[in-house]
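Single-structure report; data block below.
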Amino acid sequence: MYTLLVQKELKNILLSSKFTATFIVCSILIILSVFIGIQEYNNAVSQYDINQQIASQNIEEANGWDRVRNIAHRKPNPLQIFVSGLHFDVGRLSNISSRDDVKLSRSPYSDETIFAIFRFIDLAFIVQVVLSLFAILFTYNAINGERENGTLKLAFSNSVSRAKYLLAKFSGIWLGLIIPLLIPLLVTLLLLMVYKVPLSGADWNTIAAFFGLSMLYVTFFIGLGLLISALTQKSSLSFLLLLVIWIGSVLILPRIGVMTAGQLVPVRSVAQIEALQQAYEQQQWDEYSESLSNSWKQRMQEMEGMTEEERQAYRDEHEWNWMEEDDALRRQVRENITKNNRLLLEETQNRKNHQQQLAFNVSRISPASSFRLAAMNLATTDITLKSRYEESMRTYRDIFTEYVEQKKEETDTQGGFQISIDSDEGVSIDFGRDDQKLDVSGVPQYTAPDVSVAAAFGRSIIDFGLLSIFIVICFGGTFVAFIRYDMR
Numbered sequence: 008m009y010t011l012l013v014q015k016e017l018k019n020i021l022l023s024s025k026f027t028a029t030f031i032v033c034s035i036l037i038i039l040s041v042f043i044g045i046q047e048y049n050n051a052v053s054q055y056d057i058n059q060q061i062a063s064q065n066i067e068e069a070n071g072w073d074r075v076r077n078i079a080h081r082k083p084n085p086l087q088i089f090v091s092g093l094h095f096d097v098g099r100l101s102n103i104s105s106r107d108d109v110k111l112s113r114s115p116y117s118d119e120t121i122f123a124i125f126r127f128i129d130l131a132f133i134v135q136v137v138l139s140l141f142a143i144l145f146t147y148n149a150i151n152g153e154r155e156n157g158t159l160k161l162a163f164s165n166s167v168s169r170a171k172y173l174l175a176k177f178s179g180i181w182l183g184l185i186i187p188l189l190i191p192l193l194v195t196l197l198l199l200m201v202y203k204v205p206l207s208g209a210d211w212n213t214i215a216a217f218f219g220l221s222m223l224y225v226t227f228f229i230g231l232g233l234l235i236s237a238l239t240q241k242s243s244l245s246f247l248l249l250l251v252i253w254i255g256s257v258l259i260l261p262r263i264g265v266m267t268a269g270q271l272v273p274v275r276s277v278a279q280i281e282a283l284q285q286a287y288e289q290q291q292w293d294e295y296s297e298s299l300s301n302s303w304k305q306r307m308q309e310m311e312g313m314t315e316e317e318r319q320a321y322r323d324e325h326e327w328n329w330m331e332e333d334d335a336l337r338r339q340v341r342e343n344i345t346k347n348n349r350l351l352l353e354e355t356q357n358r359k360n361h362q363q364q365l366a367f368n369v370s371r372i373s374p375a376s377s378f379r380l381a382a383m384n385l386a387t388t389d390i391t392l393k394s395r396y397e398e399s400m401r402t403y404r405d406i407f408t409e410y411v412e413q414k415k416e417e418t419d420t421q422g423g424f425q426i427s428i429d430s431d432e433g434v435s436i437d438f439g440r441d442d443q444k445l446d447v448s449g450v451p452q453y454t455a456p457d458v459s460v461a462a463a464f465g466r467s468i469i470d471f472g473l474l475s476i477f478i479v480i481c482f483g484g485t486f487v488a489f490i491r492y493d494m495r
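Quick look at the structure:
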């Protein structure tokens with residue numbers, strides 16, 4: 008009897024015109040989203056390679072170590088094809104030098120503003136919005152529709168328990184919805200191989216985990232549809248209730264969590280942080296100017312009572328020492344500014360982490376939020392993408408600037424210069440070095456941060472667990488409601 012009930016559900020789904028139409032639409036959307044994602048990824052890789060070449064060329068063309076600058080670029084992630092996450096919102100590059108603090112800029116949306124208006128549709132979005140509606144559409148009348156048609160009472164005229172009937176209905180609906188969707192998903196994997204997207208073994212494992220997460224998410228909405236259908240007597244009422252629940256869980260609750268966290272844990276804005284950094288920087292340079300002025304006054308006092316020839320000889324003897332002292336003081340000011348900027352950013356980031364964690368915990372009452380957060384964590388396009396890259400770039404900045412300073416000392420070039428004025432020869436500038444091509448073969452190269460599959464899955468395990476709990480609650484509630492269901 009169980010097998011017959013499952014076959015009945017499969018026939019009701021697969022032979023209906025509603026299924027044909029929705030399956031075609033969902034398949035087109037799934038395949039199209041991955042195809043566009045592949046094209047976007049290939050464009051990002053091409054742009055990344057070109058920018059890397061330009062940055063290397065700029066280093067090679069520098070004619071002095073004081074002029075050596077670098078640009079670190081965020082490396083495209085092939086998993087962004089399935090879950091774009093914050094990829095399009097976070098900047099792609101940052102200047103690397105002793106004078107500039109690390110700050111990612113020029114996000115894809117800032118360059119292509121048209122996509123910022125309509126946003127990029129990835130496979131995670133299709134699953135979160137379209138497939139959840141797909142599940143509701145086939146389950147809102149799964150039980151009360153049978154009662155309205157009179158087939159529910161007819162089914163129980165045979166020797167079948169309510170538990171077995173409910174299990175058969177769920178099995179038939181799940182097989183009828185999930186198995187067909189594997190076809191477009193397999194086509195997307197074929198597209199990856201046709202376009203030769205560079206995927207490692209860890210990436211394939213992540214894709215498999217994402218597909219499993221998507222099945223969990225759709226299974227929840229199948230269970231939710233059965234629950235509401237078992238709680239109501241009319242299919243029109245159950246559809247209305249499911250639509251309201253879907254709007255609340257998918258569109259409203261995640262935003263309420265963010266708004267609540269923003270009110271409970273306020274965080275400094277970017278403008279406020281930059282204002283504090285600029286104020287401290289101005290204070291440091293004012294103190295530097297005053298200290299430099301006092302130093303030169305003291306040097307002038309040391310030359311009082313000397314003849315012009317003696318002064319000139321004294322200057323020639325101490326000129327480079329003075330420039331080294333001034334340069335050391337200037338480097339100290341820059342170090343102080345860098346330390347203050349990092350301290351402000353660390354304090355703000357810690358508070359922002361607290362705010363984000365609160366927002367995530369509140370929004371996780373929605374299964375859609377749990378699905379989205381888990382998907383982004385698996386693809387490493389989550390909320391930590393920006394801070395992860397900026398932290399690694401700051402580490403690289405320290406290594407890069409230390410290497411450049413070391414090269415300056417080895418070549419005895421501190422960026423100083425001497426200006427001489429002669430009545431016969433005019434003005435001459437001595438940089439203390441010959442402008443020549445630098446040996447930049449040993450310049451440290453930036454390496455993008457890597458997140459292991461275990462770490463990514465570890466951050467997603469809570470959301471996997473929550474989705475499983477939501478599913479158990481739905482099916483437990485459905486069983487209790489169906490036991491008491493009036494079949495008349």
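In the working numbering, each residue's number is its place in the sequence shown (first place is 1) plus 7.
Built from N, CA and C at the ideal position, the CB exists for glycine as well.
Annotation note: the region 181-229 contains no uninterrupted beta strand (DSSP E) run of length 3 or greater. Annotation: Pro374 to Phe217 spans about 15 Å, alpha carbon to alpha carbon. Three or more Cβ pairs drawn from the region 171-182 and the region 9-17 lie within less than 8 Å of each other, which places the two stretches in contact. At the C-beta level, Tyr403 and Tyr453 come within 8 Å of one another. Across the structure, Leu138 and Leu250 are spaced so that their CA atoms are roughly 14 Å apart.
DSSP places Asn77 within a strand segment (E or B) once states are collapsed to three. Looking at the backbone, the Cα of Lys171 and that of Ala28 are separated by about 30 Å. Taken atom to atom, the span from the alpha-carbon of Tyr224 to that of Phe471 is near 9 Å.
Residue state for Leu111 is assigned as coil, using DSSP reduced to three classes. Between the region 245-261 and the region 357-377 there are three or more C-beta pairs closer than 8 Å, enough to call the two in contact. For Leu100, the enclosing beta strand (DSSP E) begins and ends at Leu100 to Ile103. For the options Asp323, Val194, Asn102 and Gln362, the alpha carbon positioned closest to that of Gly269 is the one of Gln362. In this structure, Ile229 sits near Leu184, with a CB-CB distance shorter than 8 Å. Here the region 266-283 does not lie against the region 182-202, with fewer than 3 beta-carbon pairs under 8 Å apart.
The straight-line gap separating the alpha-carbon atoms of Asp56 and Lys82 is approximately 9 Å. Cβ-Cβ separation between Ile372 and Gln291: approximately 47 Å, too far for a contact (criterion under 8 Å). For Ile20, the uninterrupted alpha helix (DSSP H) segment begins and ends at Tyr9 to Leu21. Here Lys241 carries a coil assignment [DSSP, helix/strand/coil]. When Cβ pairs closer than 8 Å are counted between the two stretches, the region 230-237 is seen to touch the region 472-492, the count reaching three or more. Within 10 angstroms of the beta-carbon of Trp181 lie 16 or more other beta-carbons, which makes it buried.
Taking all protein chains in view, the Cβ of Met400 is crowded by 16 or more other Cβ atoms within 10 Å, so the residue is classified as buried. Non-local C-beta neighbours of Leu206 in its own chain, meaning closer than 7 Å and more than five positions away in sequence, comprise Pro85 and Leu199, ordered along the chain. Three or more pairs of CB atoms, one per stretch, sit closer than 8 Å, so the region 84-102 contacts the region 383-392. Between the alpha carbons of His80 and Glu47 lies a gap of roughly 17 Å. Here the C-alpha atom of Arg169 lies approximately 22 Å from the C-alpha atom of Phe477. Per the Cβ contact rule, the region 113-121 is not in contact with the region 350-362 (fewer than 3 Cβ pairs under 8 Å). Under the criterion of beta carbons closer than 8 Å, Val447 and Glu67 qualify as touching, at roughly 6 Å. Boundaries for Arg106: no alpha helix (DSSP H) harbours it, and the DSSP string shows neither H nor E there. Beta-carbon to beta-carbon, Glu397 and Val109 are separated by about 5 Å, close enough to satisfy the 8 Å threshold. Secondary structure at Phe477: helix, using DSSP grouped into helix, strand and coil.
Nearest to Asn347 by C-alpha distance, out of Phe367, Arg113, Phe141 and Tyr287, is Tyr287. Arg358 and Val272 have their C-alpha atoms spaced approximately 8 Å apart. In the structure shown, Ile469 adopts helical secondary structure according to DSSP, grouped into three states. Fully contained in the region 131-174 are the following alpha helix (DSSP H) runs of length 4 or more, in chain order: 139-144, 151-156 and 158-162. If only complete runs of 4 or more residues are kept, the region 363-414 shows the alpha helix (DSSP H) at 374-386, in order along the chain. The residue from Leu244, Leu130 and Gln308 with its alpha-carbon nearest to that of Met222 is Leu130.
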